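Worksheet: one structure, shown below.
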Amino acid sequence: VPPQEPPKILRLDNSVVNRIAAGEVIQRPVSAIKELVENSLDAQSTSVNVVVKDGGLKLIQVSDDGHGIRYEDLPILCERHTTSKLSKFEDLQSIRSMGFRGEALASMTYVGHVTVTTITKGQLHGYRVSYRDGVMEHEPKPCAAVKGTQITVENLFYNMSARRKTLQNVSDDYTKIVDLLSRFAIHHINISFSCRKHGAARADVHSVGSTSRLDAIRTVYGASVARNLMKIEVSENDKACSDFKMDGLISNSNYTAKKITMVLFINERMVDCSALKRAIEIVYAATLPKASKPFIYMSIILPPEHVDVNVHPTKKEVSLLNQEVIIERIQSAVESKLRSSNDTRTFQEQD
Ligand code: ADP
Ligand code: MG
């Protein structure tokens, strides 16, 4: 066979580049909802309501009562890399908002049909406008609006047939969405959240601004969970190796479940940390074998410069400085909590 000519390298069309990137940021309906809810939180909302049709493939609607979006900003709202939250790279180090990439809304317009209705304070009416592939489809139209922003995404992945097919199990995604909103609701206890299927009279998550975290958990996860939780706290300020605070609620020996529930926020961000989760599971298995699938809520606060939020477009995994030390400290706090509660219990039973 004669040696082949090397294939010619071509520059991809912007729309192709953007659609590929969009599929990475918005992996499934629940990832779109996470981005939208985080935008609502960044907009200082006190109420966030989610409606979903067909597991989010047909319709996602997130409504909030936040500060809204300026009329002048609507033309670039859904372009890639447009954001009100970051202006220079150094800002990333102290970023407090959930968003910063300016990619979420843009991504949604490349894989679905996005419509924004918004009103800012002091205005007599709001505006509604739809977007495709990053751009406005028409001039914003004046419309009635009360407060805040409503964003709808219709026909998600209409142009990605493989993705649509793999997501056909719609009830599964709705479960993930309910789970997501439940987690937000028990962390942000001063904000009311709801999540319902389109047309349903009842909401599947409904929190109404609780006075305590335990109340919020009772509302969202039920009394049987709330009744079996214990407070746990760790506070370290050894600047050299670990400087953090952890506040949490963890289940006792009466709580039994088929799988672990781990709700974790680090510096107010909802994240996953599989190493920490595993470490806690190990402690439970060793200390409370019959209750080895715990319910865990933890909020960890670290100096912002110890967290790298920029490791993944979905921002779901963060990496921490001194992660091993932090995990070890939390692990031993959990262990002594479980041991002492177990001791009291045996003591009481003997009484
Ligand atoms: P990011 O959150 O990273 O800035 P997004 O694409 O999610 O990027 O949003 C772009 C911008 O749109 C935000 O920076 C914010 O100014 C505005 N925005 C989005 N959603 C809302 C909302 N619900 N309320 C007010 N402003 C919003
Ligand atoms: Mg955002």
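Residue numbers for the sequence shown follow the UniProt record's numbering, beginning at 20 and rising by one. All residues carry an ideal CB built from backbone N, CA and C; glycine is no exception. Fair warning: this is a prediction, and the values are worked out from it, not measured in the lab.
Does the beta carbon of residue i fall short of 6 angstroms from some heavy atom of the ligand MG?
| i | result |
| --- | --- |
| residue 131 | no |
| residue 54 | yes |
| residue 123 | yes |
| residue 273 | no |
| residue 58 | yes |
Under DSSP, the beta strand (DSSP E) around residue i begins and ends at which residues?
| i | result |
| --- | --- |
| residue 149 | 145-151 |
| residue 266 | 261-270 |
State yes or no: is the C-beta of residue i nearer than 6 angstroms to some heavy atom of the ligand ADP?
| i | result |
| --- | --- |
| residue 119 | yes |
| residue 88 | yes |
| residue 107 | no |
| residue 141 | no |
| residue 128 | no |
| residue 8 | In the structure as shown, the chain starts at 20 and stops at 370, and residue 8 therefore has no counterpart that could be examined. |
| residue 103 | yes |
With distance defined between alpha-carbon atoms, name the residue in the options nearest to residue i.
| i | options | result |
| --- | --- | --- |
| residue 132 | 120, 156 and 270 | 156 |
| residue 141 | 310, 123, 89 and 106 | 89 |
| residue 61 | 108, 25, 184 and 84 | 84 |
| residue 153 | 99, 185, 234 and 106 | 99 |
| residue 339 | 168, 235, 268 and 290 | 290 |
| residue 38 | 110, 68, 124 and 81 | 124 |
| residue 75 | 276, 193 and 342 | 193 |
| residue 227 | 304, 111, 216 and 203 | 203 |
What first and last residue would you give for the alpha helix (DSSP H) that runs through residue i?
| i | result |
| --- | --- |
| residue 234 | 232-240 |
| residue 42 | 33-44 |
| residue 184 | 180-185 |
Can you tell me whether residue i is buried or exposed? The criterion is at least 16 other CB atoms within 10 Å of its CB, across all chains shown.
| i | result |
| --- | --- |
| residue 115 | exposed |
| residue 29 | exposed |
| residue 231 | exposed |
| residue 348 | buried |
| residue 313 | buried |
| residue 185 | exposed |
| residue 20 | exposed |
Tell me, which residues are paired with residue i by DSSP?
| i | result |
| --- | --- |
| residue 169 | 82 and 136 |
| residue 214 | 69 and 224 |
| residue 254 | 264 |
| residue 283 | 317 |
| residue 340 | Answer by DSSP bridge pairing: none, since residue 340 is not bridged. |
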